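Below: the structure, in structure tokens.
Number of protein chains: 4
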Amino acid sequence: MIFASDNWAGASDKVIAALAAAARDGGRAYGNDDLTRGLTQRFSDLFEREVAVFLVGTGTAANTLGIANFARPGGVVFCHRHAHINVDEAGASEFFGGAKLVGIEGRDGKVKAEALAQAIERYPEGNVHYGRPVVASVSEITELGATYSPAEVSAIATVARQRGLAVHMDGARFAGAVASLGVRPCEVTWKAGVDVLSFGGTKGGCLAAEAVVFFNPADSRDFGFARQRAGHGFSKAWFIAAQFDAWLDHGHWLDLARHANAMGARLARAIQASGTARLALVPAANEVFAILPKILDARLKAAGAMFHPWSVETLPPEERPGPDEAFVRLITSFQTRAEDVDRFAALLTG
Amino acid sequence: MIFASDNWAGASDKVIAALAAAARDGGRAYGNDDLTRGLTQRFSDLFEREVAVFLVGTGTAANTLGIANFARPGGVVFCHRHAHINVDEAGASEFFGGAKLVGIEGRDGKVKAEALAQAIERYPEGNVHYGRPVVASVSEITELGATYSPAEVSAIATVARQRGLAVHMDGARFAGAVASLGVRPCEVTWKAGVDVLSFGGTKGGCLAAEAVVFFNPADSRDFGFARQRAGHGFSKAWFIAAQFDAWLDHGHWLDLARHANAMGARLARAIQASGTARLALVPAANEVFAILPKILDARLKAAGAMFHPWSVETLPPEERPGPDEAFVRLITSFQTRAEDVDRFAALLTG
Amino acid sequence: MIFASDNWAGASDKVIAALAAAARDGGRAYGNDDLTRGLTQRFSDLFEREVAVFLVGTGTAANTLGIANFARPGGVVFCHRHAHINVDEAGASEFFGGAKLVGIEGRDGKVKAEALAQAIERYPEGNVHYGRPVVASVSEITELGATYSPAEVSAIATVARQRGLAVHMDGARFAGAVASLGVRPCEVTWKAGVDVLSFGGTKGGCLAAEAVVFFNPADSRDFGFARQRAGHGFSKAWFIAAQFDAWLDHGHWLDLARHANAMGARLARAIQASGTARLALVPAANEVFAILPKILDARLKAAGAMFHPWSVETLPPEERPGPDEAFVRLITSFQTRAEDVDRFAALLTG
Amino acid sequence: MIFASDNWAGASDKVIAALAAAARDGGRAYGNDDLTRGLTQRFSDLFEREVAVFLVGTGTAANTLGIANFARPGGVVFCHRHAHINVDEAGASEFFGGAKLVGIEGRDGKVKAEALAQAIERYPEGNVHYGRPVVASVSEITELGATYSPAEVSAIATVARQRGLAVHMDGARFAGAVASLGVRPCEVTWKAGVDVLSFGGTKGGCLAAEAVVFFNPADSRDFGFARQRAGHGFSKAWFIAAQFDAWLDHGHWLDLARHANAMGARLARAIQASGTARLALVPAANEVFAILPKILDARLKAAGAMFHPWSVETLPPEERPGPDEAFVRLITSFQTRAEDVDRFAALLTG
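Protein chains in written order, with the working numbering: chain A, 5 to 354; chain B, 5 to 354; chain C, 5 to 354; chain D, 5 to 354.
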């Protein structure tokens, strides 16, 4: 009953097999191998547009290099107050681009276009003291398990565009979002105004495979240097390419995401039906947030369930747990088995 | 006939198998899994001393984070003029630690203790304009394929110690050096005065496995944060740990290195015996540098041999190739087959 | 009627005279002149403790270098949400130290010890994702013109100490605070737990004179290098030292501050008595925040009064101006004349 | 007999008077005062072209911000091996722009166009490992007291242009160069291909006055933010503007430079005529490099002459001092008196 995180999962069999096959032969170093070169076409097909794609090994690398690509002196980056880039990356974006991150409030981990507009307004043009807006970043799915619809992303991008900000999307769980929204990948990215996407494979069934996707390839002319300087240019780059290749093949990535989402929904239904625990919000994909009695929380853990407590500050004050309640995050993955969810469900009511 | 680089090779079967096995199950994220935790003991056993070990994905990450760990404002880092950190890492060390790299001349890619002493002397204590020495870095094996003996490392470390510099060793090909020198790993590292080692598995038979080894664990108290901030903290850290685990098991790493070295020696002998090409220096491990007629260089390539031209500036002026000659680097790996070397040898005299 | 800022003022006659005298002769470069060297003793006398003092030219330089001195990878700096370092320095602290700034709410621009404790609690020891607390910064006087009492600073420092944070004080208007509080400088600094003070002379009667004062000189061993590397080491350092020397002489700095404060109080009384405008808070020194009808705001400006609108977000929601009101900041200085204040007062009721 | 450096001098009477006058009244903060605003026109007139000008307080700030303005990830900056930016600024350029500095050999502190071309050639287009050339920097006058002619600057700029490098000129002693060359300022700057000039007033008769001059104002759109973020935006910016204003007025700056140069020439003639000491090179302006017996060196110091030893590495091997000789730098300034030079001359032969 592991619901700690989707990065506790292993890798899918297809991904492992592809990696093993690639590893037998090797290839040209530093991304000049056929697998890595071929990914540009694969990603371009997937997004229905010519893109530039750069492989890195971690989500933090993808986010921070993608954002730093648009940084300028005095640059201000807007994101949700609880965004991963703001609270979970040890100050990477401040370090790499010297950016100031400004956290915006919003329920379900979502930045609203109006809230972004208000935040940007505090930075009048040319004020060298305050700094200047350079990037707006959204997480698809959010840190509270919600999705942005294409229209919502588009509204944010429209606000950003008016002041010349680039739009970054943290897609650590992009697969789950696409599966949940039932959209084509282009609809929630470049067609909605996204400039650069951190497209995560790691949480969705790879070992370590993240791609920085630029929807305007010209934006990326400095990126190869920036990646190398940051130590994120892998010599045997095919070890990442092979993972993506297998993962994206024949919709495998979406199949895996759909399973994870289905397990999330199954878990959510169990919680709603339990009478003992309740959902903090209805999950869009594989992240389930629940409030439950502390006594139940303890019993679940004692029974071997693994999951993390979550910060109550991510909830509106009126929805926070009471003194005897715990607020927890439960994450399913492509490896989650229905029987584990059901066993957990049984414990809820047991 | 691939002699382009040892990072063109794949991974060893044992490494692949271990990785595949680990990938089936996954584990706790961010290095809290059993495989990663177990590596501290394994590395401590290997080095016969309690060490702190941090996994990263690239040699540049290992080098630059290891060096930045000892950086301070105005810090000056000494290395060979042609060291990888100075010429092949896109300014990573300047970027991460704000360090100034000072390149030292020396034949065979080696820094001599006296040359280091002279270079340090230019920085009198407390001169805030010049900056201050913080790290001396050596490559074992060097960028020209030579090794430092324990005594040579020790002489350098003694000079460094006198002014409080930390000693960093770039061990991208550390396995080959240990195999070539026939020493215990401790003898050429901490017993000789090395503080931090970039221990590379990638070139020696892994896919992407580099370890930053601190011989005084207390030195590393900031490293976990620095690694995370740089995006080099992997969530599925076991994917690196599994590689190291298999690679280090039962001396597999040294077996692989010995094969690569033997192929290097076979290649060197062929060159010496050819009458057409000559060695620029006698190789210590798997890097072979040769001078050959341009016409032969072209013929070898036409026949399918892959290898890189090398900068003549790495040679003393009097040993540089003539106008009709090429200076090339040939690298063997754990995957190099004797028949490929022999085929290359035949082409030399053909 | 200039109430725009105290950095619109010139310099005091004594400061000008001292500067002119020093400029006639010059002296040893880079702080090795007698004037600069003598300041260590002068500051030590002033603070009743042996201190290390470093001169720089701007408040941003003092703040950011002082804070960066205590930065470490993944470092988090706590300050008031509206602190100068957080909103008016173009991301300097993020740039120099790679720090993440975390803004804390609190009325009158003040950080409360309990709020700081809560903010720190979100960063459990050793969590490399969140980062780690390194510095707590307070502004004396605050950006809303309030002062911290020695007891309040002490309470903050006690909280900071428990987790090993250094305490920084932004004393751009430290003179005004000391004059207002009626304390000895030591009481509100090191005796209350402050580690490093940005001691500003510029706003108080100098041209460009800021000192970074370390109360534990050992903390500053890297600072000379950091200052030089940042371009803040002046060759004719005596041009700053001469200003401080005259400014600190015979309590001149406090005389100037008392005048500015008296003008601030005179202005505040006029506002309170006006019946047309009201104080947002009772000023402690020379910063006066007022709410007044927009029509009056326009009339004052038309009559030649100069002052800045201020962000209503710095006020509690229930105290913010109505739709027809403006929120403004008025600052007096050592050069402010009583007749200008009185003329302004007359306009308020006119 | 102070020949230690021109930054040991005070300020000229006119500069002091202008500064004192400005300081009496103050003005709008952060460069919005009339004096600072007026400088754009003054500098544009001086350079016979519309320029953008930004005031800072130190030469290191001017150099490093000017260079960082053109930095990009993996950026390589070329300069003379002994350039101030490479050896005397504590790694400022590495820190601010993450740049790698590559020092080029050349006699008299001069970079030759051919040497620059060779150095650039080592960086093939698009090689992300080596990095990419972004800036070529020259010092006018050089660290060995020589000048570049307009033709020499032009040759360097032509080489730089071919690969898209910006050209930076460190003009800490630009006044002396212009006076010595007898050219209009435009001839040795933008007409010769310079993009950005660090124009130093400090060494030539100001207290702390440095200007970053962009000859293509569009290049500077990020500079205001970069300056503020670095703490180099002065609130009472008029204190620098007033210095420049007086210094540039009616050719005062060139008068002062001509005096310093004349004193340098007088000193050089004395050395040549002495029979005891000899010139290392014929000085172009106010920097005189001499080789003299150690016994004479000691006698001069004992008699009160102040000057610095200099690194023998700045000389070609065959011209270096013998074992009983010292290599010294003597600098004259606008304050140097002929009688001091003559007294020094008498000591040489005495």
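Even for Gly, the Cβ is constructed at its ideal location relative to N, Cα and C.
Remember, predicted model here, so these are calculated numbers, not experimental data.
**Prompt:** Using a beta-carbon distance cut-off of less than 7 Å, what residues from the region 49 to 83 of chain A approach chain D?
**Reply:** Arg-76, Pro-77 and Gly-78
**Item:** Contact between the region 218 to 235 of chain C and the region 127 to 141 of chain B (3+ Cβ pairs under 8 Å)
**Value:** yes
**Item:** Endpoints, the alpha helix (DSSP H) within which C/Lys-305 is located
**Value:** 298 to 306
**Message:** Using a Cβ-Cβ cutoff of 7 Å, what residues of the region 277 to 291 of chain A are near chain B? List them in chain order.
**Reply:** none
**Prompt:** At least one CB of chain B closer than 8 Å to the CB of A/Phe-248: is that the case?
**Reply:** no
**Request:** Select from A/Gly-180, A/Lys-116, A/Ala-123 and A/Glu-125 the residue whose C-alpha is nearest the C-alpha of A/Ser-158.
**Result:** A/Lys-116
**Prompt:** When the cut-off is 8 Å and only beta carbons count, does A/Glu-93 lie next to chain C?
**Reply:** yes
**Request:** Return the residue from the list D/Pro-137, D/Phe-74 and D/Pro-297 that minimises the CA-CA distance to D/Val-80.
**Result:** D/Pro-137
**Prompt:** Mind pulling the chain D residues with CB within less than 7 Å of B/Phe-99?
**Reply:** Gly-102
**Prompt:** Based on the DSSP secondary-structure assignment, which residues constitute the bridge partners of A/His-172?
**Reply:** A/Ser-141 and A/Val-200
**Message:** Give me the residue from C/His-254, C/Phe-99 and C/Val-57 with the minimum Cα distance to A/Gly-95.
**Reply:** C/Phe-99
**Message:** Give me the chain A residues within the contact set of B/Asp-29, using Cβ-Cβ distance strictly less than 8 Å, ordered along the chain.
**Reply:** Gly-14
**Asked** Residue ranges of each alpha helix (DSSP H) run of no fewer than 4 residues wholly in the region 51 to 115 of chain A, ordered along the chain?
**Response** 63 to 72, 88 to 91 and 96 to 101
**Request:** Flag A/Lys-240 as yes if its beta-carbon sits less than 8 Å from any beta-carbon of chain B, otherwise no.
**Result:** yes
**Item:** Residues bridged to A/Met-310 [DSSP beta-bridge criterion]
**Value:** A/Ile-6
**Message:** Residues in the same chain with beta-carbon distance under 7 Å from A/Gly-101, minus the five sequence neighbours each way, listed in chain order, please.
**Reply:** Ile-71, Ala-72, Ala-75 and Gly-79
**Asked** How would you label C/Pro-287, buried or exposed, when you count the other beta carbons within 10 angstroms and need 16 or more for buried?
**Response** buried
**Message:** Taking the alpha-carbon of C/Val-142 as reference, which of C/Pro-154, C/Val-163, C/Lys-114 and C/Glu-125 has the nearest alpha-carbon?
**Reply:** C/Lys-114
**Prompt:** alpha helix (DSSP H) containing D/Ala-269: first to last residue?
**Reply:** 256 to 278
**Request:** Closer than 6 Å by C-beta to D/Gly-107: which residues in its own chain qualify, once you throw out the five before and the five after it? Chain order, please.
**Result:** Arg-85 and Asn-90
**Message:** Does the CB of C/Gly-237 have a neighbour CB from chain B at under 8 Å?
**Reply:** yes
**Prompt:** Any Cβ of chain B within less than 8 Å of the Cβ of C/Arg-136?
**Reply:** yes
**Message:** Just to confirm my understanding: we take B/Phe-7, look at its own chain, exclude 5 residues before and 5 after, and list those with CB closer than 7 Å. What are they?
**Reply:** Ala-309, Met-310, Phe-311, Leu-334, Ile-335 and Thr-336
**Message:** What does DSSP give as the partner residue(s) for A/Glu-329 in the beta ladder?
**Reply:** A/Pro-297
**Prompt:** Can you find a C-beta in chain A that's less than 8 Å from the C-beta of D/Arg-41?
**Reply:** no
**Message:** Is it buried or exposed, A/Ala-222, if we count other Cβ atoms within 10 angstroms and call 16 or more buried?
**Reply:** exposed
**Under 8 Å by beta carbon: chain D residues contacting B/Val-139** = Under the 8 Å cutoff, chain D gives no residues; its nearest Cβ is about 13 Å from B/Val-139.
**Asked** Based on Cα-Cα distance, which residue from A/Ser-184, A/Ser-278, A/Ala-164 and A/Ala-245 lies nearest to A/Gly-35?
**Response** A/Ala-245
**Message:** Once the 5 residues before and after A/Gly-168 are set aside, which same chain residues still bring their CB inside 7 Å of it?
**Reply:** none
**Request:** List the residues that DSSP assigns as beta-bridge partners of D/Glu-291.
**Result:** D/Ile-335
**Message:** Give me the DSSP bridge partner(s) of B/Glu-317.
**Reply:** Note: B/Glu-317 sits in no beta bridge, so no partner.
**Asked** Do you know whose CA, among C/Asp-174, C/Asp-259 and C/His-254, lies nearest C/Val-217's CA?
**Response** C/Asp-174
**Item:** Three CB pairs or more closer than 8 Å across the region 180 to 194 of chain B and the region 146 to 156 of chain B
**Value:** yes
**Pairwise C-alpha distance: A/Glu-52 and A/Asn-220** = 13 Å
**Message:** Considering only their Cβ atoms, is the gap separating D/Thr-40 from D/Leu-59 smaller than 8 Å?
**Reply:** yes
**Asked** Going along chain A in order, which residues have a C-beta closer than 7 Å to the C-beta of B/Thr-206?
**Response** Ser-239 and Lys-240
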